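Chains A and B, in that order, give the protein sequences.
With this note's numbering applied, the first sequence closes on residue 1549, and no number is skipped along the way.
With this note's numbering applied, the second sequence closes on residue 1549, and no number is skipped along the way.
Think of the CB as a built atom: it goes at the ideal place given N, C-alpha and C, for glycine as much as any other residue.
For clarity, every value in this text was computed on a predicted model and none was experimentally measured.
First up is the structure itself, then whatever we jot down about it.
There are 2 protein chains.
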Amino acid sequence: MVKGNKYGTHRVIEPKGTLPQPALKISNDMNIFDNEILINVDYLNIDSASFTQLKEEARGDLEEIKSKILEIVQERGKMQNPVTGSGGMLIGKVESIGIELQDKIDLNVGDKIASLVSLSLTPLKIERILNINPDIDRVEIKGKAILFESGIYAKLPEDMENTLALAALDVAGAPAQVKNLVKEGDTVLILGATGKSGLMCSYMAKKMAGNEGKIIGQARNEARADFLRETKFCHEIIIADVLKPTNVLEETLKVNSGKEVDIAINCLSISNSELSSILPVRDKGVVYFFSMATSFTKAALGAEGIGKDVTMIIGNGYTKNHAQITLDLLRESEVLRNIFQKKYII
Amino acid sequence: MVKGNKYGTHRVIEPKGTLPQPALKISNDMNIFDNEILINVDYLNIDSASFTQLKEEARGDLEEIKSKILEIVQERGKMQNPVTGSGGMLIGKVESIGIELQDKIDLNVGDKIASLVSLSLTPLKIERILNINPDIDRVEIKGKAILFESGIYAKLPEDMENTLALAALDVAGAPAQVKNLVKEGDTVLILGATGKSGLMCSYMAKKMAGNEGKIIGQARNEARADFLRETKFCHEIIIADVLKPTNVLEETLKVNSGKEVDIAINCLSISNSELSSILPVRDKGVVYFFSMATSFTKAALGAEGIGKDVTMIIGNGYTKNHAQITLDLLRESEVLRNIFQKKYII
Chain A
1204 MVKGNKYGTH RVIEPKGTLP QPALKISNDM NIFDNEILIN VDYLNIDSAS FTQLKEEARG
1264 DLEEIKSKIL EIVQERGKMQ NPVTGSGGML IGKVESIGIE LQDKIDLNVG DKIASLVSLS
1324 LTPLKIERIL NINPDIDRVE IKGKAILFES GIYAKLPEDM ENTLALAALD VAGAPAQVKN
1384 LVKEGDTVLI LGATGKSGLM CSYMAKKMAG NEGKIIGQAR NEARADFLRE TKFCHEIIIA
1444 DVLKPTNVLE ETLKVNSGKE VDIAINCLSI SNSELSSILP VRDKGVVYFF SMATSFTKAA
1504 LGAEGIGKDV TMIIGNGYTK NHAQITLDLL RESEVLRNIF QKKYII
Chain B
1204 MVKGNKYGTH RVIEPKGTLP QPALKISNDM NIFDNEILIN VDYLNIDSAS FTQLKEEARG
1264 DLEEIKSKIL EIVQERGKMQ NPVTGSGGML IGKVESIGIE LQDKIDLNVG DKIASLVSLS
1324 LTPLKIERIL NINPDIDRVE IKGKAILFES GIYAKLPEDM ENTLALAALD VAGAPAQVKN
1384 LVKEGDTVLI LGATGKSGLM CSYMAKKMAG NEGKIIGQAR NEARADFLRE TKFCHEIIIA
1444 DVLKPTNVLE ETLKVNSGKE VDIAINCLSI SNSELSSILP VRDKGVVYFF SMATSFTKAA
1504 LGAEGIGKDV TMIIGNGYTK NHAQITLDLL RESEVLRNIF QKKYII
């Protein structure tokens, strides 16, 4: 074979010139190029928005959902819901590795992996659907898929359940970026500190900020604050309404000797919390938006409106080694691991 | 008097707890607090979206537009269009400066300034509307306004026409942030290099990157490329379709010895150009989105989809000294000044 494009554009059938994700149809020919990886797929974890749509369209009939999935993959060469545009991820074993990649990557034939790029851009061929578990949006199949050279994945660790690893990998980008962002001695405000990515970020931020640093976690009520207090992931905990920027600012100043923070990290999943993230940060500080509910214009105009010279960063789902970094947190902290086991296993 | 809140929350009447911008009604009592500035207003430059709406509602009748503006300011205490939510900016002379600010700011009574925060958050009282120039969305008034401690403004320079200064100040955030972002020796791709902010950013980037750096400007066709070539603001110029990320990548690699760039700056005003900005950037590089058409989720998911470890920054309309930095570019470059005089004067 020959070398394909790093991003998989050599497999785009229609329309030409686009990347595999926006493409309507890609090639799912399972003969791999020299820089591709062939996966023997065990499960598809369909994205929740996509699965809900399929269920509704099929009025809950599992056989109809099966037909619809087969039809989509047949037509598009990938499992991308045409209504929602979204995909999901897959779990499988490495069947073969293109010759160009063999010495470059830390992966062997037989390794069990989870793909961390969306199914919406992953060439997939389904031979048979074995089972559907609608409670966890999981589809067991006999089939194969291909990862491009730029495709990211995580080896599923031997020392923890797959389900636990997957729950953590789902938010892997956040703690890995916090690791790069937070420096020793920083004061960091975490909005939504009691949620899945918020807990990970709080733990990582405390580790990076060290003894001279201070982590302030925001919770929305007394019960959530108590829960967060028990984890000991934050030095200070504030209860504040994230839809009221001045409330967040005031509560932050109270626990930080009247000073603004160096960094704010937005881990919320609700809209209109941009200003609550920007307002408590000092001039030349950093606001990191991990929330997918963030509005670009509200952030840009919000900062201008209050004359705040802060650097605002869009949370990137990918950072180098993010899977490893995140799984290591679960190994390191029993508290974190227990919470994930209790609350987030899918 | 007493000291008010830095962001003007002391003037919010309804609803309590919000900032002046989202507030429905703020106090336009013209007795200033100790950290406010009183402006004798000459002109309002109504935001274009707002003015268009007012014109349509009044079916072009200038007297009706006048009544509507008076009514809005009467009701809200600020000139914020209730339909579009937007404001605009004002030009006027400093009438008095609160005692707390007198030694802190570089402003004297009598200075002519433009406000760089939106009218949508600026307390305003109109005594009389003198004239409306609907061609340039400009309203001449007799009235007063107040700037908060956090309010940003620019002294209008003596050495250039107000109209020229205003055209530049409109995009002041971009070149000022490029100044902080670009280091000596960087290779920088400017998307939309032939537009208003693109030209400013190209010029500034070339200056900061120095002799060892390389600025690559993107134009959409041969005519625009020729125009850009004449400015000499870029080392290389590519013609590429920003809706085709691989096209942008390929053209960039061609003029950069096959290498990805360190920084990409998006100065476009069209949607769906996120991936075209991310794809040509090296791992650990920076993507700076100045375009207000940027989608947060498309950027976040786009980078993840292609496994790119880049830092993506939301363009902040405000950076310290941005007005000064930007006006200085017009003073420095006759080419830039001539283009602005010809094309962008409002």
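| message | Rounded to whole angstroms, what is the Cα-Cα separation between Asp1309/A and Asp1373/A? | response | Roughly 21 angstroms separates the two Cα atoms.
| task | Indicate whether at least one CB of chain B lies closer than 8 angstroms to the CB of Asp1512/A. | result | The beta carbon of Asp1512/A falls within 8 angstroms of a beta carbon belonging to chain B, placing the residue at that interface.
| query | So which residues on chain B does Thr1255/A lean against when the C-beta distance must stay under 7 angstroms? | reply | Those do not exist, as Thr1255/A stays about 18 angstroms from chain B at its closest Cβ, beyond 7 angstroms.
| query | Whole beta strand (DSSP E) runs in the segment 1381-1468 of chain B with 3 or more residues, listed along the chain? | reply | DSSP runs (the beta strand (DSSP E)) wholly in the segment 1381-1468 of chain B: 1390-1394, 1417-1422, 1439-1442.
| said: For a cutoff of 8 angstroms on Cβ pairs, would you count Ile1466/A as touching chain B? | reply: Ile1466/A does not count as touching chain B.
| message | Rounded to the nearest angstrom, what separates Lys1281/B and Leu1273/B at their Cα positions? | response | So the alpha carbons of these two residues sit roughly 10 angstroms apart.
| request: Just grab the DSSP bridge partners of Asn1248/A for me. | output: Its beta-bridge partners are Met1292/A, Arg1341/A.
| task | Report the three-state DSSP secondary structure of Thr1514/A (helix, strand or coil). | result | Taken through DSSP and simplified to helix, strand or coil, Thr1514/A comes out as strand.
| task | Just the C-alpha distance for Leu1482/B and Gln1277/B, rounded to the nearest angstrom, thanks. | result | Straight-line Cα distance between these residues: approximately 50 angstroms.
| query | Looking at the unbroken beta strand (DSSP E) that takes in Lys1206/A, where does it start and where does it end? | reply | Looking at the DSSP string, Lys1206/A is not in any beta strand (DSSP E), and its letter there is neither H nor E.
| said: Can you pull the chain B neighbours of Leu1222/A, defined as C-beta to C-beta under 9 angstroms? | reply: Those within 9 angstroms of Leu1222/A in chain B are Pro1448, Thr1449, Leu1478, Leu1482, Gly1505, Gly1508, Ile1509.
| For Lys1258/B, which of Tyr1246/B, Lys1271/B, Asn1475/B has the nearest alpha-carbon? | Comparing alpha carbon positions, the residue from Tyr1246/B, Lys1271/B, Asn1475/B closest to Lys1258/B is Lys1271/B.
| said: Using DSSP's beta-bridge definition, name the partner residues of Tyr1356/A. | reply: In the DSSP assignment, Tyr1356/A forms a beta bridge with Ser1318/A.
| task | Would you grab the beta carbon distance between Gly1461/B and Leu1324/B for me? Rounded to a whole angstrom, and I think it's under 8 angstroms. | result | At roughly 49 angstroms, the Cβ-Cβ gap does not stay under 8 angstroms, so Gly1461/B and Leu1324/B are not in contact.
| Taking just the CA atoms, how far does Pro1337/B sit from Ala1252/B? | Using only the alpha carbons, I get a separation of about 13 angstroms.
| Taking only beta-carbon atoms, is Met1495/B less than 8 angstroms away from chain C? | Considering every chain present, this structure includes no chain C. Its protein chains are A and B.
| query | Does any C-beta atom of chain B lie closer than 8 angstroms to the C-beta of Met1515/A? | reply | Using beta-carbon distances, Met1515/A counts as an interface residue toward chain B, with a partner under 8 angstroms.
| said: Going by C-alpha to C-alpha distance, which of Glu1239/A, Glu1361/A, Ile1335/A, Asp1465/A sits closest to Asp1306/A? | reply: Among Glu1239/A, Glu1361/A, Ile1335/A, Asp1465/A, the Cα nearest to that of Asp1306/A belongs to Glu1239/A.
| query | Which residues mark the beginning and the end of the beta strand (DSSP E) in which Lys1328/B is found? | reply | That run of the beta strand (DSSP E) goes 1327-1336.
| query | By how many angstroms is the C-alpha of Ser1405/A removed from the C-alpha of Asn1475/A? | reply | Their backbone Cα atoms lie some 22 angstroms apart in a straight line.
| query | Which residues, in order along the segment 1433-1446 of chain A, keep a beta-carbon less than 7 angstroms from a beta-carbon of chain B? | reply | Here the close residues number zero.
| said: Rounded to the nearest angstrom, what separates Phe1236/A and Ser1321/A at their Cα positions? | reply: Cα to Cα, the separation comes out at about 20 angstroms.
| Does any residue of chain B bring its CB to less than 8 angstroms from the CB of Lys1296/A? | Interface annotation, Lys1296/A: not in contact with chain B, CB-CB separation never under 8 angstroms.
| query | For the beta strand (DSSP E) that Val1538/A lies in, which residues bound it at each end? | reply | Here Val1538/A belongs to no beta strand (DSSP E); instead the alpha helix (DSSP H) covers 1537-1546.
| request: Figure out for me which residue from Ile1242/B, Pro1285/B, Lys1409/B, Gly1291/B has the closest Cα to the Cα of Val1381/B. | output: Taking Val1381/B as reference, the option from Ile1242/B, Pro1285/B, Lys1409/B, Gly1291/B with the minimal CA-CA separation is Lys1409/B.
| request: Could you tell me whether the Cβ of Ile1355/A comes closer than 8 angstroms to any Cβ of chain B? | output: So yes, Ile1355/A belongs to the interface.
| query | Span of the beta strand (DSSP E) holding Arg1485/B? | reply | Per DSSP, Arg1485/B belongs to the beta strand (DSSP E) from 1484-1492.
| Is there at least one non-hydrogen atom of the ligand ZN closer than 7 angstroms to the beta-carbon of Glu1415/B? | With respect to small molecules bound, the structure shown includes none, and the ligand ZN cannot be examined in it.
| Contacts around Ile1542/B, its chain only, beta-carbon distance under 8 angstroms, and the 5 residues preceding and following it disregarded | Excluding residues within five positions, the ones whose Cβ falls inside 8 angstroms are Leu1402, Thr1434.
| query | Among Met1292/A, Glu1415/A, Glu1361/A, which one has its Cα closest to the Cα of Ile1349/A? | reply | Taking Ile1349/A as reference, the option from Met1292/A, Glu1415/A, Glu1361/A with the minimal CA-CA separation is Met1292/A.
| Of all the options Glu1507/A, Asn1334/A, Ser1479/A, which has the alpha carbon lying nearest to the alpha carbon of Ser1494/A? | Ranking the options by Cα distance to Ser1494/A, first place goes to Ser1479/A.
| field | Rounded C-alpha distance that separates Gly1520/B from Asn1334/B | value | Between Gly1520/B and Asn1334/B, the C-alpha separation is close to 30 angstroms.
| query | Assuming Thr1455/A contacts Glu1477/A under a Cβ cut-off of 8 angstroms, what Cβ separation, rounded to an integer in Å, is found between them? | reply | Contact doesn't hold; Cβ gap of about 16 angstroms is too wide.
| Can you name the start and end residues of the beta strand (DSSP E) that Glu1217/B belongs to? | From DSSP, the beta strand (DSSP E) with Glu1217/B extends over 1215-1217.
| query | What number of angstroms, rounded off, separates the C-alpha of Ser1536/B from the C-alpha of Thr1366/B? | reply | Near 17 angstroms, if we compare the C-alpha coordinates of Thr1366/B and Ser1536/B.
| query | Do the segment 1381-1394 of chain B and the segment 1338-1347 of chain B make contact, defined as three or more Cβ pairs closer than 8 angstroms? | reply | These segments do not touch.
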